[in-house]
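Here the sequence shown is numbered in the numbering used here, starting from 1 and rising by one per residue. Note that CB positions come from ideal geometry on N, CA and C, so glycine has one too.
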Amino acid sequence: MDNRPIGIFDSGVGGLTVFSEIIKALPTEDIIYLGDTKQFPYGNKSKNTIIELTKKNIEFLIKKNVKLVVIACGTATSQALKEVKGLYQIPIIGIIKPTVMFLQNKKNIKRVGIMATTGTIRSNSWEKEIKKEMPKVEVINRSCPLLAPMAEEGWTNNDIAKLTIKEYVKIFQEKVVDALVLGCTHYPLFYNLIRDELGKNIDIIDTGKQVAKHLGDLLVKEKIENQLNRVPEYQIILTDMEKEFLIMANNLLKNYKSNIYFVNM
Ligand code: DGL
């Protein structure tokens, strides 16, 4: 048993899609969410910068006494998880492995599409992890650099978002993928538009649910679940003011005990 909070971070609102799944799956855990809004976007930064930012975020959360860190960001998972994993005493998990484990259990998957940020696609991390576990599966990659900034702006369901999604998913229709992984945690915010564009035959996979499940298993395996029988506490910490973030976070947490504040880092 370990009653310390779980730490989560992302560059902005994207990680809230993972946060919301963790709240549902693990309702007894306290959570501290760090949104590095000052450095947003991560998607177009170099690998070295992403490693530095990832270390800074993990060290910040460790100072807040977290028992584990979830990197709720595809860009940081794909370029920094391997580099930072061994550096700290606490477990650190990302979004790729849990999602690939889930994909492996699906039958008849021959071609998988990956939508992600430019940095994630450049790292080829999704393809490497998928090929390691499922060598016969073909992977179709598409970087979608406009989507995270649009999500951060709250543009997830207007005409511009519709056109942008249409353009980005074209390749998955042409190549007839069986499944599409939303490889950036901002992208579930466009789920309905993607679903409308692709129809029902393509399995759209959101990483948040798989991460929450993997996290639950890990807490049990490591015997570090929170066993205090009380209402959990959620803290959201932002490195810069962002109006849209506050709207989304307040909406997500309106029925919970939570507070949001800012830090300068
Ligand atoms: N949500 C992040 C990801 O999963 C980062 C997007 C960005 O900051 O560009 O990749």
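Going along the chain, which unbroken runs of the alpha helix (DSSP H) with 4 or more residues stay wholly within the region 62 to 113?
Complete alpha helix (DSSP H) runs here, min 4: 74 to 85, 96 to 104.
Counting C-beta neighbours from all protein chains within 10 Å, is the total for Ile-160 16 or more, i.e. buried, or is it exposed?
The residue in question, Ile-160, is exposed, as its Cβ has fewer than 16 Cβ neighbours within 10 Å.
Helix, strand or coil for Glu-138? Go by DSSP, reduced to three states.
The answer is strand: DSSP assigns Glu-138 an E or B state.
Does any heavy atom of the ligand DGL sit closer than 7 Å to the C-beta of Tyr-191?
No, the Cβ of Tyr-191 stays beyond 7 Å of every heavy atom of the ligand DGL.
In the DSSP assignment, find the alpha helix (DSSP H) that holds Ile-31 and state where it starts and stops.
It is not in any alpha helix (DSSP H) - Ile-31 instead sits in the beta strand (DSSP E) that spans 31 to 35.
Given a cut-off of 8 Å, decide if Leu-180 and Ile-204 are closer than it, judged by their beta-carbon atoms.
Taking 8 Å as the Cβ cut-off, Ile-204 and Leu-180 qualify as a contacting pair.
What three-state label does DSSP hand Gln-235 in the structure shown?
Here Gln-235 sits in strand by DSSP.
Determine the direct distance from the alpha carbon of Thr-120 to that of Gly-74, and round the result to whole angstroms.
Near 7 Å, if we compare the C-alpha coordinates of Thr-120 and Gly-74.
Taking 7 Å as the cut-off, does the CB of Pro-41 come closer than this to any heavy atom belonging to the ligand DGL?
Yes, since a heavy atom of the ligand DGL falls inside the 7 Å radius drawn around the Cβ of Pro-41.
Does the separation of the CB atoms of Thr-156 and Asn-44 fall below 8 Å?
No, Cβ-Cβ distance for Thr-156 and Asn-44 is not below 8 Å.
Tyr-42: buried (16+ other C-beta within 10 angstroms of its C-beta) or exposed?
It is buried - the Cβ of Tyr-42 has at least 16 other Cβ atoms within 10 Å.
With respect to 7 Å, is the separation between the Cβ of Gly-216 and the closest non-hydrogen atom of the ligand DGL below this value?
Because no heavy atom of the ligand DGL lies under 7 Å away, the Cβ of Gly-216 does not count as near it: no.
Which residue comes first and which comes last in the alpha helix (DSSP H) that contains Gly-216?
Segment 207 to 221, the alpha helix (DSSP H) holding Gly-216.
Take the Cβ of Met-150 as the centre, count every other Cβ of all protein chains shown within 10 Å, and call the residue buried at 16 or more, exposed below.
Buried.
Could you tell me which of Ile-8, Asn-48, Ala-25, Leu-34 sits nearest to Leu-68, measuring between CA atoms?
Per the Cα distances, Ile-8.
Determine contact between the region 19 to 26 and the region 84 to 94, defined as no fewer than three beta-carbon pairs at a distance below 8 Å.
No, because fewer than three Cβ pairs between the region 19 to 26 and the region 84 to 94 fall closer than 8 Å, the two stretches do not touch.
How about Ile-140 and Arg-111: are their beta carbons less than 8 Å apart?
Result yes, Cβ atoms of Ile-140 and Arg-111 sit closer than 8 Å.
Closer than 7 Å: is that where the CB of Thr-37 sits relative to any heavy atom of the ligand DGL?
Flag unset: Cβ of Thr-37 not near the ligand DGL.
Please determine whether the Cβ atom of Gly-74 lies at a distance below 7 Å from any heavy atom of the ligand DGL.
At least one heavy atom of the ligand DGL is nearer than 7 Å to the Cβ of Gly-74, so yes.
Looking only at DSSP bridge pairs, what is Lys-257 linked to?
Lys-257 is bridged to Glu-233.
Starting from Phe-9, trace the beta strand (DSSP E) in both directions and tell me its first and last residue.
It spans 6 to 10 - the beta strand (DSSP E) in which Phe-9 sits, taken as one unbroken run.
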